[in-house]
Amino acid sequence: MAAKIRIVMKSFMSQANKVEGVIPYAQKVGLPESRSLYTVLRSPHIDKKSREQFSMHVKKQFLVQKAETHELQKKLFWLKRLRLLGAQYELQISFKTRLDKKLLQAALSSGC
Amino acid sequence: MRRLVTHLHRLSHRAIPSPPPSRPPTTTSLPFLLSRRLLSDDAAPPPAADVPNKELKRRLETYYGVDDEAELPSVTEAVLERKLADVHSETDDELIEELRSKPLPEVRDRDFESDFEEMHDTDEELDNLYNARQYVEKKIKSDEFFNMDDDKWNKMIKKAVDNGHLGNMNECENILEDMLHWDKLLPDEIKKKVEAKFNELGDMCEKGELEPEQAYELFKEFEDKMVSECTELMEAENPTDVDEFSKMENKSVKLDDPPGEGPVLRWESRIVFAPGGDAWHPKNRKVKLSVTVKELGLSRHAFRRLREVVGNRYNSGKDELTITSERFEHREENRKDCLRTLYAVVEDANKANKLADDARNAYVKNRLKANAQFMERLKVKTQKLRVAA
Numbered sequence: 001m002a003a004k005i006r007i008v009m010k011s012f013m014s015q016a017n018k019v020e021g022v023i024p025y026a027q028k029v030g031l032p033e034s035r036s037l038y039t040v041l042r043s044p045h046i047d048k049k050s051r052e053q054f055s056m057h058v059k060k061q062f063l064v065q066k067a068e069t070h071e072l073q074k075k076l077f078w079l080k081r082l083r084l085l086g087a088q089y090e091l092q093i094s095f096k097t098r099l100d101k102k103l104l105q106a107a108l109s110s111g112c
Numbered sequence: 001m002r003r004l005v006t007h008l009h010r011l012s013h014r015a016i017p018s019p020p021p022s023r024p025p026t027t028t029s030l031p032f033l034l035s036r037r038l039l040s041d042d043a044a045p046p047p048a049a050d051v052p053n054k055e056l057k058r059r060l061e062t063y064y065g066v067d068d069e070a071e072l073p074s075v076t077e078a079v080l081e082r083k084l085a086d087v088h089s090e091t092d093d094e095l096i097e098e099l100r101s102k103p104l105p106e107v108r109d110r111d112f113e114s115d116f117e118e119m120h121d122t123d124e125e126l127d128n129l130y131n132a133r134q135y136v137e138k139k140i141k142s143d144e145f146f147n148m149d150d151d152k153w154n155k156m157i158k159k160a161v162d163n164g165h166l167g168n169m170n171e172c173e174n175i176l177e178d179m180l181h182w183d184k185l186l187p188d189e190i191k192k193k194v195e196a197k198f199n200e201l202g203d204m205c206e207k208g209e210l211e212p213e214q215a216y217e218l219f220k221e222f223e224d225k226m227v228s229e230c231t232e233l234m235e236a237e238n239p240t241d242v243d244e245f246s247k248m249e250n251k252s253v254k255l256d257d258p259p260g261e262g263p264v265l266r267w268e269s270r271i272v273f274a275p276g277g278d279a280w281h282p283k284n285r286k287v288k289l290s291v292t293v294k295e296l297g298l299s300r301h302a303f304r305r306l307r308e309v310v311g312n313r314y315n316s317g318k319d320e321l322t323i324t325s326e327r328f329e330h331r332e333e334n335r336k337d338c339l340r341t342l343y344a345v346v347e348d349a350n351k352a353n354k355l356a357d358d359a360r361n362a363y364v365k366n367r368l369k370a371n372a373q374f375m376e377r378l379k380v381k382t383q384k385l386r387v388a389a
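Protein chains in written order, with the UniProt record's numbering: chain A, 1 to 112; chain B, 1 to 389.
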């Protein structure tokens, strides 16, 4: 497994049941839910005590999928195509390549 | 009785068109009766031969007594005659009903039993299955080999070995295994030699130059030579040293690394898919590159200069240099920029070698200039050289 795709999914509705269809065979970790609470006045003029409260609940899920370096392009394509509406994906892609030895030697020799 | 009735039905169909030939008088009587009825309607029919009850019973008992159905025709004849006579119709019906309800005294279905016995053969029959446990217990006590398992087998073998009946089993097992895998014992060279010799002798036999007995003896001698040669080879071979295996095990190869030579570059990039729609996100352009500095092959001075230039980007604990780029809009452009930066850093680091040489030379010159005696000798030498020129 030369490459790894880490995904952080954020959405207002729970997407735990739909992940299997989009990203099969992935390790899953549920992240804690984050809330933003807002309290606003109902009236534009007086009546300060009359207030209304709102909250935004963001549900997160962390997924790890392993792949080969040559598969990354395809996996990215399918992730982009089959993604769930209403969910934000943040992908962190890690992979490895090799530095060209000749160019490195040239750089080393030119420095001298 | 059911079989009798079925046979009666079958034979009743047969008997009217073609009566059995074993009774000639009845054959003469039947057409006579029919012709009489057809010809003369007014005349009363003559009475047919009547079979009394005792005679019928005797015939039935004879039929029951004999296993084969040899007596069946006589019984059917009696029944037919009684029916034709129309004298005992009522009593016959009653008799049939009576006999039907009775069970037969001895019925031996030899055909079925013989088939079953041929198909299935059992040593013993358990009449009462509820006592299976007792049966098994008796068997275990009486028969030593009943319900054999590994523990029992091992104990028996151990006893035999202790008493001296059986020798060491390991040798036997080794011999059996060698016999099973005899192909693997011999090296290929010896196999080829033996095969060639065999073919040669076979050809000579076919041509008639040698008799089979002589060829067989020659082959035997050749085999003995091959066996001795094989033993010599086995003795000559030295076992492989343990150090080789340990050395092989010590080598640690990371299977994750891509193939080829040169330092490994570890890339990280982020891609953000917005919910619904294809909005672009600034995180999409950032790229991170990590490389192990040891793999770059820098000299000591170059390494030191690199550390000074790079600063916090170098992690001494992991010996890892991290380069980040988000200068361009596109991720691939930023990847190129990371590589460019890496090459530039390496080239700049290598300048340190020349700087170090220059510094060393300057230091030496200064020390020499400070020495007065050296300077005087130098002046004298230069003057002599000028005069000579």
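Backbone N, C-alpha and C fix where the C-beta goes; we use that ideal spot for every residue, glycine too.
Should Val40/A go down as buried or exposed, given a rule of 16 or more other Cβ atoms within 10 Å for buried?
To locate residue 40/A, count along the first sequence from 1; it is residue 40. So Val40/A ends up on the exposed side.
Would you say Ser228/B faces chain A, with C-beta separation under 9 Å as the test?
Start at 1 with the first residue of the second sequence, and residue 228/B comes out as number 228. No, Ser228/B lies away from the interface with chain A (no Cβ there is under 9 Å from its Cβ).
Going along chain B in order, which residues have a C-beta closer than 9 Å to the C-beta of Thr69/A?
In the first sequence, residue 69/A corresponds to position 69, counting from 1. By Cβ distance, chain B contributes Pro258.
Taking 9 Å as the threshold (C-beta atoms), are Val291/B and Pro258/B in contact?
The residue labelled residue 258/B in the question sits at position 258 within the second sequence. The residue labelled residue 291/B in the question sits at position 291 within the second sequence. No, the pair does not count as a contact, with Cβ atoms beyond the cut-off.
Step through the CB atoms of chain A and report whether any lies within less than 9 Å of the CB of Leu385/B.
Position 385 of the second sequence holds residue 385/B. Not an interface residue.
By alpha-carbon positions, which one of Asn312/B, Glu308/B and Ser142/B ends up nearest to Thr324/B?
For the purposes of this step, residue 324/B is identified with residue 324 of the second sequence, where counting begins at 1. It is Asn312/B.
Taking the alpha carbon of Leu296/B as the point to measure from, which residue in Asp188/B, Trp153/B, Trp267/B and Glu347/B has its own alpha carbon closest?
In the second sequence, residue 296/B corresponds to position 296, counting from 1. Looking at the Cα atoms, Glu347/B is the closest of the given residues.
Quick check on this structure: which residue in Val58/A, Ser55/A, Phe54/A and Ser94/A has the alpha carbon closest to the alpha carbon of Gln73/A?
Counting from 1 along the first sequence, the entry for residue 73/A is found at position 73. For Gln73/A, the nearest C-alpha among the options comes from Ser94/A.
With a threshold of 16 other CB atoms inside 10 Å of the CB of Thr76/B, please say whether the residue is buried or exposed.
One-based indexing of the second sequence puts residue 76/B at position 76. By the neighbour-count rule (16 or more Cβ atoms within 10 Å), Thr76/B is buried.
If you count every other CB in all the chains shown that lies within 10 Å of the CB of Leu338/B, and 16 or more means buried, which is it?
The residue you call residue 338/B lines up with position 338 of the second sequence. Contrary to the premise, residue 338/B reads as Cys rather than Leu in this sequence. The residue is buried, with at least 16 neighbouring Cβ atoms inside 10 Å.
If you draw a straight line from the C-alpha of Ser43/A to the C-alpha of Phe54/A, how long is it?
Sequence index remark: in the first sequence, residue 43/A carries index 43 (1-based). Sequence index remark: in the first sequence, residue 54/A carries index 54 (1-based). Each residue's alpha carbon lies about 16 Å from the other.
For Met9/A, count the other beta carbons within 10 Å of its own beta carbon; 16 or more makes it buried, fewer makes it exposed. Which is it?
The count along the first sequence starts at 1 and reaches residue 9/A at position 9. Flag for Met9/A reads buried.
Give me the residue from Asn284/B, Asn366/B and Asn350/B with the minimum Cα distance to Arg305/B.
Taking the first residue of the second sequence as 1, we reach residue 305/B at position 305. If we check each option's Cα against that of Arg305/B, Asn350/B comes out closest.
Mind checking if Val264/B is an interface residue toward chain A, Cβ cutoff 9 Å exclusive?
Indexing the second sequence from 1 puts residue 264/B at position 264. For Val264/B, the answer is yes, since a Cβ of chain A falls inside 9 Å of its Cβ.
Look up Trp267/B in the DSSP assignment and give the residues it is bridged to.
The residue you call residue 267/B lines up with position 267 of the second sequence. Trp267/B pairs with Phe95/A and Leu289/B.
Give the range of the alpha helix (DSSP H) segment to which Glu81/B is assigned.
The count along the second sequence starts at 1 and reaches residue 81/B at position 81. Start and end: Leu72 to Ala85.
Less than 9 Å between the beta carbons of Glu90/A and His57/A, yes or no?
Position 90 of the first sequence, counted from the first residue, corresponds to residue 90/A. Position 57 of the first sequence, counted from the first residue, corresponds to residue 57/A. No, Cβ-Cβ distance for Glu90/A and His57/A is not below 9 Å.
To the nearest angstrom, how far is the alpha carbon of Glu213/B from that of Met234/B?
Counting from one through the second sequence, the residue named residue 213/B turns up at place 213. Counting from one through the second sequence, the residue named residue 234/B turns up at place 234. One C-alpha to the other measures close to 32 Å.
Does DSSP put Val346/B in a helix, a strand or coil?
Sequence index remark: in the second sequence, residue 346/B carries index 346 (1-based). The answer is helix: DSSP assigns Val346/B an H, G or I state.
Do Ile5/A and Phe62/A have their C-beta atoms within less than 9 Å of each other?
One-based indexing of the first sequence puts residue 5/A at position 5. One-based indexing of the first sequence puts residue 62/A at position 62. In this structure, Phe62/A does not lie closer than 9 Å to Ile5/A by Cβ.
Can you confirm whether Gly202/B, when its beta carbon is compared against all beta carbons of chain A, has any partner nearer than 9 Å?
As a working note, residue 202/B is residue 202 in the second sequence. Cβ-Cβ to chain A under 9 Å: no for Gly202/B.
If you follow the alpha helix (DSSP H) that Thr322/B is part of, which residue opens it and which one closes it?
Locating residue 322/B in the second sequence gives position 322, where the first residue counts as 1. Looking at the DSSP string, Thr322/B is not in any alpha helix (DSSP H); the run it does join, the beta strand (DSSP E), is Glu320 to Ser325.
Give the secondary structure of residue 127/A by DSSP, where H, G and I count as helix, E and B as strand, and everything else as coil.
Lying before the first or after the last residue shown, residue 127/A is absent from chain A, which here runs from 1 to 112.
So that I know if they touch, is there some Cβ in chain A lying closer than 9 Å to that of Ile323/B?
Residue 323/B sits at position 323 when you count from the first residue of the second sequence. Not one chain A Cβ lies under 9 Å of Ile323/B.
Would DSSP call Met13/A helix, strand or coil?
As a working mapping, residue 13/A is identified with position 13 in the first sequence. DSSP places Met13/A in coil when its eight states are reduced to three.
Taking DSSP as the reference, what is the three-state secondary structure of Lys4/A?
Mapped onto the first sequence, residue 4/A falls at position 4. Here Lys4/A sits in strand by DSSP.
Have a look at Gly208/B and Gly202/B and give me their C-alpha separation to the nearest angstrom.
Reading the second sequence from its first residue, position 208 is the one you call residue 208/B. Reading the second sequence from its first residue, position 202 is the one you call residue 202/B. Each residue's alpha carbon lies about 10 Å from the other.
Pick helix, strand or coil for Val272/B, following the three-state DSSP scheme.
For this step, residue 272/B is matched to residue 272 along the second sequence. Looking at Val272/B - three-state DSSP - the assignment turns out to be strand.
Relative to the C-alpha of Leu76/A, which residue among Gln65/A, Gln105/A and Ala106/A is closest?
In the first sequence, counting from the first residue as 1, residue 76/A sits at position 76. Nearest C-alpha to Leu76/A: Gln65/A.
Under a three-way DSSP split, which group does Ala389/B fall into?
Translated into the one-based positions of the second sequence, residue 389/B becomes position 389. Coil.
Go to Met56/A, then tell me how far its beta strand (DSSP E) extends in each direction, as first and last residue.
Along the first sequence, read from residue 1 onward, the residue named residue 56/A stands at position 56. It spans Arg51 to Ala67 - the beta strand (DSSP E) in which Met56/A sits, taken as one unbroken run.
Excluding the five sequence neighbours on either side, which residues of its own chain have a C-beta within less than 7 Å of the C-beta of Ala356/B, listed in chain order?
Within the second sequence, numbered from 1, the residue matching residue 356/B stands at position 356. So the list reads His301, once near-sequence residues are dropped.
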